[in-house]
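Counting with the working numbering, you get residues -9 to 473 for the letters of the sequence shown.
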Amino acid sequence: MDFQISDLSLLAPHMVVTGTALLVLLVEAFRPGKGRSDATYLSILGLLVAAGLTLKQFGAPASTGFAGMLIADGYAAFFNMVAYVVGILTLLVSDSYFRSEEYEHGEFHALMLMSLVGMMLMSGSNHLMLMFLALETMSISIYAMAGYMRTKEGTESSFKYFLLGGASSAFMLYGIALLYASCGTTSLTGMVEYFSTLPSLSDSPMALAGIALVAAGFCFKIAAFPFHVWTPDVYQGAPTSVTAFMATGVKAAAFAAFFRIFVVAFPIASGAWTSAFWVLAVATMTMGNFAALAQRDVKRMLAYSSIAHAGYLLIGMVTATSEAGTGMLFYLISYVFMNIGAFGIVIMLGKKGEDRTTLEDYAGVGFKKPLLGAALTIFMFSMAGIPPTAGFIGKFLIFKAAVHEGYIWLAVLGVLNSAASVYYYLRVLVYMYFRESESESGDVIRTSPLSILAAAISVIAILVLGIAPGYLVQIAEAATAAF
């Protein structure tokens, strides 16, 4: 593989985040049991430095390095910024959780940073093997994070995720092997050249099987039907801050690689996978929403909700245009703010050793803790797609792209599903404002300045993006212009 020193400049943000992870481990080694606060601030500083380096990629011509395996363009830069936002918000909401649990170790931060490095590499992968290695870097760290607190529920969550995640990785790796056998390369550029010589994909059934297996691996990571069964149990059992990280960061990174690979490398298969994704999108959002209707545990409800959101995002995969990509990018950053914000409130409404997550636990919270109640209301409105929130704009952009490409019924089914979701989102608000608490569960004992800051940032972002989305839409359009 050809290598030039200048290629390292493409990895500058990744090296900063990796170096920060190593520095966090050193802090823990020299300040054992006292490194959590130091690790939090060091991690945030490292992510801000990496963000500064990434900003230089916006507006710059796309460039490749490491023999074309890694690409630095506006699309990769956008998702790198999403990864930094996910990381910073997760660090902020985790602060109150670890304070209440009196857990003062910094390894969690190092694991999260290494997972972020994997996410960043996924968005810039121009080679299936690099993408797979990046995905595993992300996943292995999260397996450890899910069982980090060593509780019975967390250990079970980690074990389930590890077993099923390993199976999905095997499917994907086998698919990559079939594609290599068919195309003679795992480079996206090389596969485009190979497929351009084929009259149709039916002339290469091995490649078609490989594409299907790679898609199945991605569907597991985004929790799409029928690869979603792990999601409720894993999300409920993992520490809430880890659940927030999984629900947002993993989904964003998987969609980043999913969209790039299928739009860039597999355009010849568009007729085959468009129909499949149409069915997947409808099944995923319908199953997610209707399963959420029956939930009385808020974390479990949010888990099924995340499945439904994957269905909305799959609509963008069906249309696979620059306009759809713009909608997906906007929706994903909106989803990050509203989801981490909601999980942050769940953390703050808990107490030491116990997450208060049943609907009854939220009775009267809107009056006992009006600011947190108002914040959760905004997050629920945004998830339901009610204006003037960012969630409404994101869904509008995705549905509009579907209509423009002639997928009117798909857009209609998306709107109907979004309307159905209003019931279970507003049910939380009914308990907060129209039910009286029979206990003191409304008392907040997990607050900290950093967790409150995370909630405030999320609320402001959701409202600003809902009222004035133009600037972010322009950035997303520039990021997807190449598609």
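Built from N, CA and C at the ideal position, the CB exists for glycine as well.
All figures in this text were calculated on a predicted structure; none of them were measured in a lab.
1. Tell me the residue span of the alpha helix (DSSP H) that contains S148.
2. What does DSSP give as the partner residues of L60 in its beta bridges?
3. Rounded to whole angstroms, what is the Cα-Cα separation between M181 and L400?
4. I need the boundaries of the alpha helix (DSSP H) containing T230, first residue and last residue.
5. Going by DSSP, name the residue or residues bridged to S190.
6. If you reduce the DSSP assignment to three classes, tell me which class S177 lands in.
7. Let me confirm a value: E350 is counted as buried when at least 16 other C-beta atoms fall within 10 Å, else exposed. Which label applies?
8. To the nearest angstrom, how far is it from the Cα of P315 to the Cα of L125?
9. From F215 to A273, what distance separates their C-alpha atoms?
10. For D287, name the three-state secondary structure that DSSP assigns.
11. Helix, strand or coil: how does DSSP classify T30 here?
12. Thinking M338 and M373 are a contact (beta carbons under 8 Å), I'd like their distance in whole angstroms, please.
13. Determine whether the beta carbon atoms of V14 and A29 lie at a separation below 7 Å.
14. Just the C-alpha distance for T470 and V463, rounded to the nearest angstrom, thanks.
15. If we call anything under 7 Å between Cβ atoms a contact, is G239 one with S147?
16. So the candidates are G42, S33, Y31; which of them puts its Cα closest to the Cα of A2?
17. Do you know offhand how far I34's Cα is from M135's?
18. According to DSSP, simplified to helix, strand and coil, what is T221?
19. Taking the alpha helix (DSSP H) that T10 belongs to, which residues open and close that run?
20. Is it a yes or a no for the segment 159 to 172 touching the segment 198 to 217, going by three-plus beta-carbon pairs under 8 Å?
21. What's the gap between the Cα of F149 and the Cα of I457?
22. Excluding the 5 residues preceding and the 5 following F256 in the sequence, name in chain order all residues of the same chain whose CB lies nearer than 8 Å to its CB.
23. Mind the definition here: the segment 294 to 302 touches the segment 403 to 414 only if three or more C-beta pairs lie below 8 Å; say whether that holds.
24. Using DSSP bridges, identify the partner residues of T348.
25. Going by other Cβ atoms of all chains shown within 10 Å of its Cβ, with 16 needed for buried, is S265 buried or exposed?
26. Leaving out the 5 sequence neighbours to the left and right, which residues in its chain are closer than 8 Å to A52 when beta-carbon positions are compared?
27. With a 10 Å radius around its C-beta and 16 neighbouring C-beta atoms as the bar for buried, classify G432 as buried or exposed.
28. Determine the contact status of R21 and S438, defining contact as a CB-CB distance below 7 Å.
29. Please classify R481: does DSSP put it in a helix, a strand, or coil?
30. Here's the rule: buried if 16 or more other CB atoms are within 10 angstroms of the residue's CB, otherwise exposed. What is S190?
31. With a 10 Å radius around its C-beta and 16 neighbouring C-beta atoms as the bar for buried, classify R140 as buried or exposed.
32. How would you call D193, buried or exposed, if buried means at least 16 neighbouring beta carbons within 10 angstroms?
33. I need the DSSP call for A445, collapsed to helix, strand or coil.
34. Got a sec, what are the start and stop residues for the alpha helix (DSSP H) E467 sits in?
35. On the three-state DSSP scale, how would you describe I335?
36. Of the residues R286, T230, A281, which one's Cα is nearest the Cα of Y294?
With the structure as the only source:
1. In the DSSP assignment, S148 falls within the unbroken alpha helix (DSSP H) covering 142 to 173.
2. Per DSSP, G55, S115.
3. Straight-line Cα distance between these residues: approximately 30 Å.
4. Counting along the chain, the alpha helix (DSSP H) containing T230 begins and ends at 230 to 235.
5. Under DSSP, S190 forms no beta bridge with any residue.
6. In the displayed model, S177 falls within a strand according to three-state DSSP.
7. Exposed, since its Cβ has fewer than 16 Cβ neighbours within 10 Å.
8. According to the sequence as given, residue 315 is Gly; it is not Pro. Their Cα atoms are separated by approximately 21 Å.
9. In a straight line, the C-alpha of F215 is about 6 Å away from that of A273.
10. Strand, per DSSP.
11. It is helical.
12. Not confirmed; about 18 Å, so no contact.
13. Remark: C-beta atoms of V14 and A29 approach each other more closely than 7 Å.
14. So the alpha carbons of these two residues sit roughly 11 Å apart.
15. No, the Cβ-Cβ distance between G239 and S147 is not below 7 Å.
16. Put simply, of G42, S33, Y31 the residue whose alpha carbon is nearest the alpha carbon of A2 is G42.
17. So the alpha carbons of these two residues sit roughly 18 Å apart.
18. The answer is helix: DSSP assigns T221 an H, G or I state.
19. In this chain, the alpha helix (DSSP H) harbouring T10 covers 2 to 20.
20. Output reads yes: the segment 198 to 217 touches the segment 159 to 172.
21. Each residue's Cα considered, the two are about 42 Å apart.
22. Excluding residues within five positions, the ones whose Cβ falls inside 8 Å are M181, F185, I201, W263.
23. With a cut-off of 8 Å, the segment 403 to 414 and the segment 294 to 302 count as touching, because enough Cβ pairs lie within range.
24. According to DSSP, residue pairing for T348 in a beta bridge involves D287.
25. Burial call: exposed.
26. These residues qualify, in order along the chain: I61, A62, D63, G64, A472.
27. A caution first: G432 carries a pLDDT of 46, below 50, which makes its placement in the model unreliable, though a value can still be read off. Buried, since its Cβ has 16 or more Cβ neighbours within 10 Å.
28. Cβ distance not < 7 Å, so R21 and S438 don't count as in contact.
29. This structure cannot settle anything about residue 481, because the visible part of the chain is limited to -9 through 473.
30. It counts as exposed.
31. It is exposed - the Cβ of R140 has fewer than 16 other Cβ atoms within 10 Å.
32. When all chains shown are included, D193 counts as exposed.
33. Under the three-state reduction of DSSP output, A445 falls in the helix class.
34. Counting along the chain, E467 sits inside the alpha helix (DSSP H) bounded by residues 460 to 469.
35. Here I335 sits in helix by DSSP.
36. Of the candidates R286, T230, A281, the one whose C-alpha sits nearest the C-alpha of Y294 is A281.
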